[in-house]
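J.:
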Amino acid sequence: METEIEKLLSNPYASSLAFVSVTVLSLIVFLSCFELVARYKCWDEIKQGNMAVAMATGGKIFGICNIFRFSIESNVSIYQSLIWGAFGFIILLIAYLLFEFLTPVFRIDEEIAKDNRAVGFIAMTISVSLSYVIGATVII
Numbered sequence: 024m025e026t027e028i029e030k031l032l033s034n035p036y037a038s039s040l041a042f043v044s045v046t047v048l049s050l051i052v053f054l055s056c057f058e059l060v061a062r063y064k065c066w067d068e069i070k071q072g073n074m075a076v077a078m079a080t081g082g083k084i085f086g087i088c089n090i091f092r093f094s095i096e097s098n099v100s101i102y103q104s105l106i107w108g109a110f111g112f113i114i115l116l117i118a119y120l121l122f123e124f125l126t127p128v129f130r131i132d133e134e135i136a137k138d139n140r141a142v143g144f145i146a147m148t149i150s151v152s153l154s155y156v157i158g159a160t161v162i163i
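Residue numbers (this note's numbering): 24 to 163.
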C-alpha cells in the first residue's frame, strides 16, 4: 500500500519540486559551512565587489549543485539523494581545505580576500572540476 508521500512523489511535478527544494535548502546549509571555514565573509565581500570571492563562491555553488545533479540522477529517493549529496559535499569541503593548506606559496583565503582574481578563478575551477569527479563517484 502506497503512503500519501509516495503517491505525491509519483507525480513528476511534485517530485521535481521536492528534489529542487531539498537541493536549495542543502545549498544554503553547505554554503554556510563554507562560510564558517573561510577567513572572509563571502557575502560581505561579494557585496563590496570582490570578484575573486564571487568566482570562488560561484564555483562552490556550481560544485554543490553539480554533485546533487549526479546524486538525483542516480538515486531513487529524495532521502538517498540527500545522503549522497551530503557525502559529496563533505568530499568537496575536504578538497577545499586540502587546497588551502597544501598550497605552500601563499594562503588561498587571504589572496581571495584581497581580490586576487587569478586565485579566485583557480579556486572556482577546482570546485567545478572536482564536482564532476565527486559526482561520478556517487552513482550507485
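No residue lacks a Cβ here, since even glycine has one placed at the ideal position from N, Cα and C.
Less than 8 Å between C-beta atoms, sequence neighbours within five positions excluded: which residues of the same chain meet that for Phe122?
T.: By one-based count along the sequence shown, residue 122 stands at place 99. Taken in chain order, the residues that qualify are Ile131, Ala146, Ile149.
J.: Quick one: grab the DSSP three-state call for Asp132.
T.: As a working mapping, residue 132 is identified with position 109 in the sequence shown. Three-state DSSP puts Asp132 in a helix.
J.: What is the rounded straight-line gap between the Cα of Tyr119 and the Cα of Trp66?
T.: If you number the sequence shown from 1, residue 119 lands on position 96. If you number the sequence shown from 1, residue 66 lands on position 43. Rounded to the nearest angstrom, the two C-alpha atoms are 18 Å apart.
J.: Within the continuous alpha helix (DSSP H) that includes Pro35, where are the two ends?
T.: Numbered from 1 along the sequence shown, position 12 holds the residue referred to as residue 35. 35-60 is the span of the alpha helix (DSSP H), which, as asked, contains Pro35.
J.: Under the three-state reduction of DSSP, which class applies to Tyr63: helix, strand or coil?
T.: Your numbering for residue 63 matches position 40 in the sequence shown. Of the three classes helix, strand and coil, the one that applies to Tyr63 here is coil, per DSSP.
J.: DSSP three-state label for Ile162, please.
T.: Numbered from 1 along the sequence shown, position 139 holds the residue referred to as residue 162. It is coil, neither helix nor strand.
J.: In the DSSP assignment, find the alpha helix (DSSP H) that holds Lys83 and state where it starts and stops.
T.: Here the question's residue 83 lines up with position 60 in the sequence shown. Its alpha helix (DSSP H) spans residues 74-97.
J.: Less than 6 Å between C-beta atoms, sequence neighbours within five positions excluded: which residues of the same chain meet that for Asn139?
T.: The residue labelled residue 139 in the question sits at position 116 within the sequence shown. Here the set comprises Ala75.
J.: When burial is assigned at 16 or more other CB atoms within 10 Å of the CB, is Asn34 buried or exposed?
T.: Numbered from its first residue, the sequence shown carries residue 34 at position 11. Exposed is the call here.
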